[in-house]
Amino acid sequence: MEKLKDWDQFEIGSVLFPFKKGVDGAMELYKCERTYSGDSSFTDSVAHWRVEKPVHNSEICINCFNCWVFCPDAAILTSNDKLAGVDYVHCKGCGVCVDVCPTNPKSLLMFNDHKDNDEALREWPQKQPKKTEA
Ligand code: SF4
Ligand code: SF4
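Counting from 1, one number per residue, gives the positions in the sequence shown under the UniProt record's numbering.
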């Protein structure tokens, strides 16, 4: 796989233009159909400084797409109308997707960025009992 340029290899203050042919109409296309410029926040690595990452547990996920709607970086992946995981080349580790996940336990949880995803899935917490009002 081609090595992506890292964010600290760009000159400070430089502007990255995402599309080769301008923005007109590009947003109506699927990501794979757009013509991105060589140096853009899509084609280069803009997330390797992340400290924590979200891990997706498809066994619990109800495919409500809350995380997809709220992710500020379009880093939630979908496939065939289902959640398909996280795009770690673009995910910044902000944790918003975990906050908005409604399942019990959550279907997305934050782990250290170096943690193996399969190991994280084995450590997944159990369902929590409902809190009762005092
Ligand atoms: S941690 Fe933030 S950037 Fe990464 S997938 Fe979740 S909401 Fe998106
Ligand atoms: S918010 Fe949680 S349950 Fe809903 S699609 Fe995302 S991971 Fe699945």
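Just so it is clear, CB atoms sit at the ideal spot from N, CA and C, and this is done for glycine as well.
An exposed status is given to I62, since fewer than 16 other beta-carbon atoms sit within 10 Å of its beta-carbon. Cβ-Cβ separation between C67 and I76: approximately 5 Å, consistent with a contact (criterion under 8 Å).
Around the beta carbon of P125, fewer than 16 other beta carbons sit within 10 angstroms, so the residue counts as exposed. The beta carbon of E52 sits closer than 8 Å to those of G93, G95, M110, F111, N112, D113, all from its chain and outside the five residues before and after it, given in chain order. Note that the C-beta distance between V15 and A47 is not below 8 Å. For secondary structure counted as the beta strand (DSSP E) over 3 or more consecutive residues, the stretch 33-111 holds these complete runs in sequence order: 52-56, 76-79, 82-86.
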